[in-house]
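Asks: In the working numbering, the protein residues as written are 176 to 480.
Glycine residues also receive a C-beta, built at the ideal position from the N, C-alpha and C atoms.
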Amino acid sequence: MKIQTENLPNFLFVGAAKSGTTSLYKYITQHEQVFVPKGKELRFFSNMRGDYVGPGDERSCNQRIIRHIEDYKKRFKGHTEKCMGDMSTEYLFYHQESIKNIKEYLSDDVKIFIILRNPVDRAYSHYLHMVRDDREHLSFEEAIDQEKERKENNWAWHWGYTTNGFYFEQVKAYLHHFPNNTTVYIYDDLRANQEAMINDIFDKLDVNSIPINTGQVHNVSGIPKNRRLHRLINHPNRILGLLKRGARLVNREDLLMQRLQTISKKNLNKPKMREETRKQLIDMYETDIQNLEKLLDRNLDMWRQ
């Protein structure tokens, strides 16, 4: 029996990870009629166990999983915005469990959004993200070789850099269960025309389009040139806390965070993937890409480059 859907989201961004969802979160929540809880990823519907043992999994994953519906509803309590959302990217990877719970708890007309990135680039970006956070210390090629063993040793889903990029079955499941409510975007289109995609999202949410500040790209991956500077800007510490409190007193916290993000991005180095590795991964994904092209009726040749 479906529970009362008041104070629950009426739209979901279910993935994929490292495909622009953090930037989209920052963009669409500029609209006064759109609300997504701070942090965007609530991780309720995927029903993850929360006992993962990979480096940093306790803080980044286990402690951030919402397990009970009443705790989930509290994240939306008191909000009256027309559109309330949850943007948890693991809902795509854990599609079977997530779909079952979405159908149990949410309205039948909940809107589902999916954005897909070239799976080779997505895998490498996810790897660089983990290197950036000082959790990954292997080369990309070594880390790929370790994916199966890491999964067997109960490391969290995000360590499956290449596994997460097999989109076909994931997307097919959402289109099957929510055929009239699911929209699939391609990351390349976001890069080409942010305004068009954001306006389309607003249209699907049935809210008016407004000018959006898209000047910042968020959650950028890369290897810090200066680890100490990266930790100072991106991890809780006394100096950062004092800066935030001071900025808050003069109503300049948003400006401070923009400046810190700019410094943080300039501090990141993005080494290129080895061409041999890229070719191997393109070949590995080929069948999945072909199936996805048929499913979406969309040419994805740009993913084969």
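From the DSSP output, in three-state form, read off Ile457 for me.
Replies: As a working mapping, residue 457 is identified with position 282 in the sequence shown. Of the three classes helix, strand and coil, the one that applies to Ile457 here is helix, per DSSP.
Asks: Take Gly260 as the anchor and find which of Leu471, Glu451, Leu380 has the nearest alpha-carbon.
Replies: Here the question's residue 260 lines up with position 85 in the sequence shown. Of the listed residues, the one whose Cα sits closest to Gly260 is Leu380.
Asks: Please confirm whether Gly195 and Leu404 have their CB atoms less than 9 Å apart.
Replies: Indexing the sequence shown from 1 puts residue 195 at position 20. Indexing the sequence shown from 1 puts residue 404 at position 229. No, these two residues do not count as a Cβ contact at 9 Å.
Asks: In the DSSP assignment, find the beta strand (DSSP E) that holds Leu215 and state where it starts and stops.
Replies: The sequence position of residue 215 within the sequence shown is 40, counting from 1. In the sequence as displayed, the identity of residue 215 is Lys instead of Leu. Note, Lys215: premise wrong, no beta strand (DSSP E); not H, not E.
Asks: Would you mind working out which of Ser221, Pro230, Asp472, Thr389 sits nearest Met305, comparing C-alpha positions?
Replies: In the sequence shown, residue 305 corresponds to position 130, counting from 1. Looking at the Cα atoms, Pro230 is the closest of the given residues.
Asks: Considering only the alpha carbon of each residue, which of Ala298, Phe353, Met223 lies closest to Lys286?
Replies: The sequence position of residue 286 within the sequence shown is 111, counting from 1. Taking only the C-alpha atoms, the option nearest Lys286 is Phe353.
Asks: Is Leu443 closer than 9 Å to Gly397 when the C-beta atoms are compared?
Replies: By one-based count along the sequence shown, residue 397 stands at place 222. By one-based count along the sequence shown, residue 443 stands at place 268. In contact: Gly397 and Leu443 (Cβ atoms closer than 9 Å).
Asks: Using beta-carbon positions only, say whether Ser221 and Tyr299 come within less than 9 Å of one another.
Replies: As a first step, residue 221 is located in the sequence shown; it is residue number 46 there, counting from the start. As a first step, residue 299 is located in the sequence shown; it is residue number 124 there, counting from the start. For Ser221 and Tyr299, no; Cβs fall outside 9 Å.
Asks: Taking the alpha-carbon positions, what's the Gly335 to Asp363 distance?
Replies: The count along the sequence shown starts at 1 and reaches residue 335 at position 160. The count along the sequence shown starts at 1 and reaches residue 363 at position 188. So the alpha carbons of these two residues sit roughly 22 Å apart.
Asks: Suppose you measure from the CA of Glu461 to the CA of Thr452; what does that come to, to the nearest Å?
Replies: Translated into the one-based positions of the sequence shown, residue 461 becomes position 286. Translated into the one-based positions of the sequence shown, residue 452 becomes position 277. Each residue's Cα considered, the two are about 14 Å apart.
Asks: Put Leu365 into one of helix, strand or coil per three-state DSSP.
Replies: Start at 1 with the first residue of the sequence shown, and residue 365 comes out as number 190. Looking at Leu365 - three-state DSSP - the assignment turns out to be helix.
Asks: Apart from the five residues just before and just after Ala422, which ones in its own chain have a Cβ nearer than 6 Å to its Cβ?
Replies: In the sequence shown, the residue the question calls residue 422 occupies position 247. So the list reads Glu428, Leu431, once near-sequence residues are dropped.
Asks: Is Thr264 buried or exposed, if buried means 16 or more other CB atoms sit within 10 Å of its CB?
Replies: On the sequence shown, position 89 is the one that residue 264 refers to. That one is buried.
Asks: Considering just the uninterrupted stretch of the beta strand (DSSP E) at Met259, what are its terminal residues?
Replies: Taking the sequence shown and counting its residues from 1, the one referred to as residue 259 is at position 84. Met259 -> beta strand (DSSP E) spans 258 to 261.
Asks: Along the chain, where does the beta strand (DSSP E) that runs through Ile290 open and close?
Replies: Here residue 290 refers to the residue found at position 115 of the sequence shown. Where Ile290 is concerned, the enclosing beta strand (DSSP E) stretches over 286 to 291.
Asks: Among residues of its own chain, excluding the 5 on either side of His254, which ones have a beta-carbon nearer than 7 Å to its beta-carbon?
Replies: Mapped onto the sequence shown, residue 254 falls at position 79. Cβ neighbours of His254 beyond the five flanking positions: Phe210.
Asks: What is the rounded straight-line gap between the Cα of Cys236 and the Cα of Arg218?
Replies: Within the sequence shown, residue 236 is the residue found at index 61, counting from 1. Within the sequence shown, residue 218 is the residue found at index 43, counting from 1. Computed Cα separation, rounded: 9 Å.
Asks: Mark Asn293 as exposed unless 16 or more other C-beta atoms lie within 10 angstroms of its C-beta, in which case mark it buried.
Replies: Residue mapping note: residue 293 aligns to position 118 of the sequence shown, counting from 1. Classification of Asn293: buried, given that the 10 Å Cβ count is 16 or more.
Asks: Taking 9 Å as the threshold (C-beta atoms), are Gly190 and Ile289 in contact?
Replies: For the purposes of this step, residue 289 is taken as the residue at position 114 of the sequence shown. For the purposes of this step, residue 190 is taken as the residue at position 15 of the sequence shown. For Ile289 and Gly190, yes; Cβs fall inside 9 Å.
Asks: In whole angstroms, what separates the C-alpha of His243 from that of Met262?
Replies: On the sequence shown, residue 243 is found 68 positions in, with the first residue counted as 1. On the sequence shown, residue 262 is found 87 positions in, with the first residue counted as 1. Going by the C-alpha atoms only, they are around 17 Å apart.
Asks: Quick check: the segment 275 to 283 against the segment 463 to 480, are at least 3 beta-carbon pairs closer than 8 Å?
Replies: The answer is no - the segment 275 to 283 does not touch the segment 463 to 480, with fewer than three Cβ pairs under 8 Å.
Asks: Using only alpha-carbon positions, find the residue among Tyr342, Phe186, Thr204 that is nearest to Asp283.
Replies: The residue labelled residue 283 in the question sits at position 108 within the sequence shown. Minimum Cα distance to Asp283 is reached at Phe186.
Asks: Would you check if the segment 197 to 215 and the segment 368 to 380 touch, i.e. whether three or more CB-CB distances between them fall below 8 Å?
Replies: The segment 368 to 380 is in contact with the segment 197 to 215.
Asks: Look at the alpha carbon of Leu350 and the alpha carbon of Val228, and state the distance between them as a whole number of angstroms.
Replies: Reading the sequence shown from its first residue, position 175 is the one you call residue 350. Reading the sequence shown from its first residue, position 53 is the one you call residue 228. Distance between the alpha carbons of Leu350 and Val228: 33 Å.
Asks: Residue range of the beta strand (DSSP E) that Phe251 falls in?
Replies: For the purposes of this step, residue 251 is taken as the residue at position 76 of the sequence shown. Where Phe251 is concerned, there is no enclosing beta strand (DSSP E), given that its DSSP letter is neither H nor E.
Asks: Comparing alpha-carbon positions, which option in Arg420, Asp296, Gln433, Ile203 lies nearest Gln480?
Replies: Locating residue 480 in the sequence shown gives position 305, where the first residue counts as 1. With distances taken between Cα atoms, Gln480 lies closest to Asp296.
Asks: Between the alpha carbons of Thr337 and Ala318, how many angstroms are there, rounded?
Replies: Counting from 1 along the sequence shown, the entry for residue 337 is found at position 162. Counting from 1 along the sequence shown, the entry for residue 318 is found at position 143. Using only the alpha carbons, I get a separation of about 10 Å.
Asks: Helix or strand or just coil, what does DSSP make of Asn444?
Replies: In the sequence shown, residue 444 corresponds to position 269, counting from 1. Strand.
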